[in-house]
Structures are given as structure tokens and as C-alpha cells.
Amino acid sequence: MNAGAKAMASSGAGQADAYYCEMPSDPCAIVMFGASGDLARRKLLPALYDLAWHACLAPRFRLLGFARTAMSDGDFRRRGEESLPKGEAAGGGAQGERREEFLKNLRYFAGDYADPGAYSRLAERLAELDREGGLGGNRLFYLATPPEVYPKIVEQLGRAGLARPASEKSWTRIIVEKPFGHDLESAQALNRQVLEVFSEPQVYRIDHYLGKETVQNLLVFRFGNGIFEPLWNRNYIDHVQITAAERLGVEKRADFYESAGALRDMVQSHMLQLTSLVAMEAPARFDATSVRNEKIKVLQSVRPFMAETIAKEAVRGQYGAGEVNGAPAPGYRAEPRVRGDSTTETFVALKLHVDNWRWSGVPFYLRTGKRLAKAKTEITVQFKQAPQKVFRGEQPEPNSLVIGIQPREGISLSFGAKPPGPAMAMRSVTMDFEYQSTFGGASRDAYATLINDCIRGDATLFDRADSVEAAWAIIEPLLRGWESEAPPSFPNYAAGSEGPARAEELIAADGRAWRGLSAK
1 MNAGAKAMAS SGAGQADAYY CEMPSDPCAI VMFGASGDLA RRKLLPALYD LAWHACLAPR
61 FRLLGFARTA MSDGDFRRRG EESLPKGEAA GGGAQGERRE EFLKNLRYFA GDYADPGAYS
121 RLAERLAELD REGGLGGNRL FYLATPPEVY PKIVEQLGRA GLARPASEKS WTRIIVEKPF
181 GHDLESAQAL NRQVLEVFSE PQVYRIDHYL GKETVQNLLV FRFGNGIFEP LWNRNYIDHV
241 QITAAERLGV EKRADFYESA GALRDMVQSH MLQLTSLVAM EAPARFDATS VRNEKIKVLQ
301 SVRPFMAETI AKEAVRGQYG AGEVNGAPAP GYRAEPRVRG DSTTETFVAL KLHVDNWRWS
361 GVPFYLRTGK RLAKAKTEIT VQFKQAPQKV FRGEQPEPNS LVIGIQPREG ISLSFGAKPP
421 GPAMAMRSVT MDFEYQSTFG GASRDAYATL INDCIRGDAT LFDRADSVEA AWAIIEPLLR
481 GWESEAPPSF PNYAAGSEGP ARAEELIAAD GRAWRGLSAK
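With the working numbering applied, the sequence shown covers 1 to 520.
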């Protein structure tokens with residue numbers, strides 16, 4: 001173990017580093033397309049630095065940034081250094097040494113994404129890096145560009161012979177960022193284009209939600225414990241709520257958001273991923289094939305939306321002016337680069353039916369939106385009431401299990417208990433597991449987890465082609481239905497509220513209520 005790795009093996013006063021890797025990944029060249037962009041700066045470079053800091057990257061890795069912007073290796077390193085964490089987050093006293101060690105592995109390549117000549121030069125540069133760093137021909141291509149550029153890059157990688165491993169002992173993989181398509185037809189077309197060049201095991205379609213520690217913890221919670229799985233079915237569960245609420249507006253993403261909206265941006269990917277993790281059957285073993293096979297069964301079991309059910313089981317909204325954190329907040333149509341008459345939805349609430357033996361009759365309520373009262377992503381599993389009231393006093397709330405994903409990471413279980421006093425009464429109480437207080441330290445960034453898995457060849461937390469298409473098939477009728485009819489009178493909820501009144505009506509029609517955004 002070198003001095004840097006030894007420094008990383010512990011944190012604080014002898015405290016073990018949960019993210020330290022005993023075995024570094026294979027040496028490899030990482031080609032980051034779109035290296036001059038916002039995603040690379042905010043997420044990818046810090047994630048790779050995190051992996052290097054915790055000895056997860058091989059010491060002999062090389063990161064080659066590829067973008068249209070002209071700059072030298074030194075310029076790219078300086079830009080890269082500006083994006084890395086500073087102070088204690090960067091590793092305290094070892095900061096300078098580790099940053100230099102990381103930055104010396106950064107290189108830059110300027111070229112046009114559609115230029116065949118650029119890819120011939122790229123092949124030569126990669127061969128040079130292989131010889132220089134002893135990388136063994138292992139290559140990871142990361143598409144961090146706008147989605148419309150994906151087909152060009154994939155096609156040119158194939159033409160340049162870069163999509164196939166350099167030898168029998170090396171590997172080549174590609175990470176494709178969301179959004180993977182704009183609708184079912186475009187997703188199918190993109191899958192065809194990618195799979196004409198790469199084989200399915202080489203393709204890693206990334207959804208950063210699946211890299212979050214608490215999302216992965218959901219799998220351990222369900223299938224690593226014997227007490228909840230017997231209750232995880234229609235006999236004991238009344239309904240499931242999945243909420244992904246944001247306080248922020250569109251920020252600097254208006255150009256993308258105007259063409260996407262909440263249904264494409266959040267429901268098709270993040271929300272349906274969480275649904276499949278909650279509802280899936282136990283895999284035969286914990287590997288990529290088994291887990292992904294069970295997840296797609298859930299998506300294929302979701303009852304299709306019909307023209308006559310859309311109005312009753314789907315709600316869309318757009319925020320207007322309001323107040324967030326005590327400060328005035330503009331409406332969506334007043335945001336920079338948003339059309340003044342925009343009909344893009346910033347809120348979606350859905351009622352899903354999973355038509356299989358485990359979940360028949362158990363509704364799944366999904367809710368996501370921007371500029372809501374609280375930023376919170378959580379899953380609530382509400383159990384059925386006790387069949388008979390035998391204690392005095394008000395009937396307590398039904399037992400519920402709340403899995404917090406962000407910002408609060410943890411699990412809460414509510415149940416009835418007797419408060420002090422002579423009366424044999426009941427009151428709802430909560431038993432909490434807090435991820436940070438139990439395990440200490442901060443959670444690893446989701447991108448670091450997923451990039452690490454990809455380099456190590458573990459596709460468990462990545463989407464497969466059929467899963468992407470199954471998710472698009474679920475929302476396709478909604479997309480077409482909403483496109484063919486006039487939208488509600490937008491805006492229909494105020495910034496800082498809990499969303500449109502129609503969303504409350506959707507769940508109230510079944511005699512249920514959303515778990516409030518002001519709740520813990």
C-alpha cells in the first residue's frame with residue numbers, strides 16, 4: 001500500500017474509511033465526451049477524484065477529456081482543479097499531494113463529435129496512453145454531452161474500431177447519461193443505434209438515483225431481513241406513496257426542461273426506478289441479470305393508461321409565483337428562457353396499478369414537482385388498519401414505513417403504543433433509523449458509486465435496453481394524451497405550496513391522503 005493509500009485507509013482519529021477499496025479497479029483510460037460542460041465540472045470530475053482518494057481507481061488510470069473547446073492538457077487540469085472539493089472535504093493535510101496525484105492523470109483532446117478524423121486521432125492517443133500508463137487496453141467512454149450528440153459519437157466510435165476490446169484480456173464499456181430518448185420511439189431508435197456498435201453487456205445506462213446509498217439500502221432492507229418480506233404484499237399493505245419534491249425551480253436547465261417536463265425528466269426514470277425496487281420479487285441471486293430481470297417484470301405489470309383513465313389517475317401542474325423559504329419566488333413562465341405561454345408541466349401525480357399476484361389492488365401513488373413546500377424524496381409504505389378497534393380513544397394512524405432518500409437518509413416505522421397514564425389508550429409513535437448517525441460520515445456521491453461499479457463491470461444499478469423501453473411504454477399514453485388535449489389553466493399551484501388541488505383530489509377519491517411535505 002502506497003503512502004497515499006495508507007492515508008486514505010482511515011479518516012479522523014483512526015476511524016475506518018467505509019469507502020476505501022482494498023482492491024483498486026483495473027487500470028483504464030476514461031474518455032469523457034463533453035469534458036468542458038457543466039456535468040463534468042459539477043459531478044464527474046469530483047466523483048472520479050473521490051474514487052482516486054479512496055484508492056478505488058487504479059494508480060495508473062488516465063482521464064482523457066474530449067470536447068469541441070480548444071485547450072491544452074494544462075488548461076484542462078487547471079479547470080479540473082477548480083471543480084475538486086476544497087478544505088476538509090478534500091482530505092485535510094494530504095490534500096495537496098492527493099490532488100496533484102489525481103490531476104497528473106488528466107489529459108485533453110479537442111475534436112468535433114461528428115468528425116471521423118478526430119476519432120482516428122483519438123485511437124492513436126489512446127494507444128499512446130496505453131503504452132505510457134500500462135493500461136492494458138481497458139477503456140471507458142462516458143457520454144456527458146447533450147443527448148442529440150449520442151448517435152454521432154457512438155457511430156464514430158464504431159467506425160474507428162474503438163467499440164471493441166483491444167484484446168481478449170481487455171474491456172471496453174460506455175456510460176450513457178439520461179435522458180435516454182424523448183419518447184418510446186426515440187428510445188427504441190437510440191437502443192438500435194447503440195447496440196449496432198456495442199453489445200448490451202458493454203452499455204451502462206446511468207440513472208444517478210440508483211447510486212444513492214439509501215436506494216441501495218432498500219434492497220438490503222427488503223431481502224436481507226426476514227421480518228418485513230412476509231408483510232410485503234396486498235394482504236397487509238394498503239398503498240404505497242413515492243414522493244420526489246423539490247424546492248428549487250428550473251435554475252439553469254430551462255432549455256432542457258422546456259422540451260422535457262416533469263413526466264419525462266422524473267417519472268420515466270427516477271420514479272419508475274423506485275417503483276420497481278419497491279415492488280420487485282426477490283432475485284435468485286444478487287447479480288445484474290437477476291436483479292434487472294425482476295425489475296422489468298414490475299414495469300411490464302403496470303396497467304397501461306387508457307384515454308378514459310388519464311383524467312382520473314394523472315394530474316399535471318405548473319407553478320406560479322409564490323414564496324419559498326420566506327422569499328418571493330417567480331412563476332415558471334417568468335423564469336429565464338421559459339416561454340411566456342409555456343404549457344410544460346413542472347408537477348406530476350399519478351396512480352399506478354401493478355397487476356400481479358403480490359400487488360393486485362394496492363395502488364402506487366407517485367408525486368414529483370418543482371417549487372414545492374419542502375425538498376424531500378421518500379417512499380411511504382402504508383399498512384392496513386388493525387381489523388378491529390379494541391382500545392379506547394381515537395384510532396391511531398395506520399402503521400407506515402417511511403424510507404427517506406434525501407435529504408434525510410433513513411427509515412422510520414410508526415406503530416401504536418400506550419402513553420403514560422391509567423387509561424388503556426393508544427398513540428402513534430415512530431422508531432427511527434438515521435443513516436448518518438448510525439454509520440457516521442457523509443454518504444458517497446451517487447456518481448462515484450456508479451462509475452466505480454462500471455469500471456469493475458457490475459451492471460446491477462444500471463438500466464438495460466428492455467427496461468428503458470418498458471418505462472417509456474408506461475408513460476407514452478400520458479405523453480400522447482396530454483399532447484392531444486388542452487392543458488389545465490396554468491399555473492395551477494403556487495411556488496412554496498404542496499402542489500395542485502387536483503393532486504389532493506386524486507388520492508382523496510380513494511379515501512387516502514398524501515404524507516404532507518411539512519412532515520418530518
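The beta carbon of each residue, even a glycine, is placed where N, CA and C say it ideally should be.
Requested in this report: Quick one: grab the DSSP three-state call for T289.
Outcome: helix
**Report entry** For L106, the nearest candidate out of R62, L143, A70, E100 (CA to CA)
**Finding:** R62
Query raised in the report: Taking the C-alpha atoms as reference points, what is the distance between M32 and K295?
Result: 29 Å
Query raised in the report: Which term fits T438, buried or exposed, when burial requires 16 or more other beta carbons within 10 angstroms of its beta carbon?
Result: Exposed, because fewer than 16 other Cβ atoms sit within 10 Å of the Cβ of T438.
Report task. Rank G421, F433, P420 by C-alpha distance to the C-alpha of I411 and give the top, closest one. Result -> F433
Query - Backbone CA spacing between W514 and I507 [nearest angstrom] - result: 7 Å
Query raised in the report: Can you tell me the Cα-Cα spacing of E200 and E469, whole angstroms?
Result: 14 Å
Query raised in the report: Distance, Cα to Cα, V203 vs A288?
Result: 13 Å
Query raised in the report: When DSSP labels each residue in this structure, what does G457 get in the three-state scheme?
Result: coil
Requested in this report: Taking R264 as part of the alpha helix (DSSP H), name the residues at either end of that continuous run.
Outcome: Run containing R264: none; DSSP gives neither H nor E here.
Report task. Could you tell me the boundaries of the alpha helix (DSSP H) in which G226 lies? Result -> Element bounds for G226: n/a, residue is neither H nor E.
Requested in this report: Return the CA-CA distance between K374 and I405, expressed in angstroms with no decimal places.
Outcome: CA-CA distance, K374 to I405, rounds to 14 Å.
Query raised in the report: Can you give the Cα-Cα distance for E313 and F305, rounded to whole angstroms?
Result: 8 Å
Report task. Could you tell me whether the segment 343 to 352 touches the segment 180 to 187, using the rule of 3 or more Cβ pairs below 8 Å? Result -> no
**Report entry** For F364, the residue or residues it bridges with in DSSP
**Finding:** Note: F364 sits in a beta bridge opposite V240, L352.
Query raised in the report: S36: buried (16+ other C-beta within 10 angstroms of its C-beta) or exposed?
Result: buried
Query raised in the report: If you count every other CB in all the chains shown that lies within 10 Å of the CB of R303, and 16 or more means buried, which is it?
Result: exposed
Query raised in the report: Which first and last residues belong to the alpha helix (DSSP H) in which K152 is found?
Result: 150 to 159
Report task. Going by CA-CA distance only, name the one from P165, T380, L126, A189 that's closest to E148. Result -> When each option's Cα is compared against that of E148, the closest is A189.
Requested in this report: Measure the beta-carbon distance from L126 to A29 and round it to whole angstroms, keeping in mind my assumption that it falls under 8 Å.
Outcome: Sure, about 6 Å apart at Cβ, within 8 Å.
Requested in this report: Could you say if the segment 356 to 374 and the segment 266 to 280 meet the contact criterion of at least three C-beta pairs nearer than 8 Å?
Outcome: yes
**Report entry** Proximal residues to W232 (C-beta, below 6 Å), its chain only, five neighbours per side dropped
**Finding:** Excluding residues within five positions, none has a Cβ falling inside 6 Å.
Requested in this report: Count the other CB atoms, across all protein chains shown, that sit within 10 Å of the CB of W53; report buried if there are 16 or more and exposed otherwise.
Outcome: buried
Requested in this report: Taking F76 as part of the alpha helix (DSSP H), name the residues at either end of that continuous run.
Outcome: Here the alpha helix (DSSP H) through F76 covers 73 to 83.
**Report entry** Integer-rounded CB distance, given that V354 should sit under 8 Å from S301
**Finding:** The Cβ separation is near 5 Å, so the contact holds.
Query raised in the report: What do you get for I227, buried or exposed, if any count of 16 or more other CB atoms within 10 angstroms of its CB means buried?
Result: exposed
Requested in this report: Could you check the C-alpha separation between E476 and Q318 for me, to the nearest Å?
Outcome: Approximately 20 Å between the Cα atoms of the pair.
Query raised in the report: Near E132, what residues of its chain come up, given a Cβ to Cβ distance below 8 Å and the 5 sequence neighbours on each side ignored?
Result: R62
Report task. Would you tell me roughly how many angstroms separate the C-alpha atoms of G496 and S443, rounded to the nearest one? Result -> Taking the straight line joining both Cα atoms gives about 28 Å.
Report task. For P328, name the three-state secondary structure that DSSP assigns. Result -> Three-state result, P328: strand.
Query raised in the report: What's the call for D207, buried or exposed, on a 16-neighbour Cβ count within 10 Å?
Result: buried
**Report entry** Exposure of Q382, with buried meaning 16 or more beta-carbon neighbours within 10 Å
**Finding:** buried
Query raised in the report: Can you name the residues that DSSP bridges to S400?
Result: Bridge partners of S400: Q382.
Query raised in the report: Can you tell me the Cα-Cα spacing of A494 and P330, whole angstroms?
Result: 9 Å
Query - Segments of 4+ residues assigned as alpha helix (DSSP H) that fall wholly inside the segment 176 to 224 - result: 184 to 197, 213 to 223
**Report entry** Distance, N492 Cα to D463 Cα
**Finding:** 34 Å
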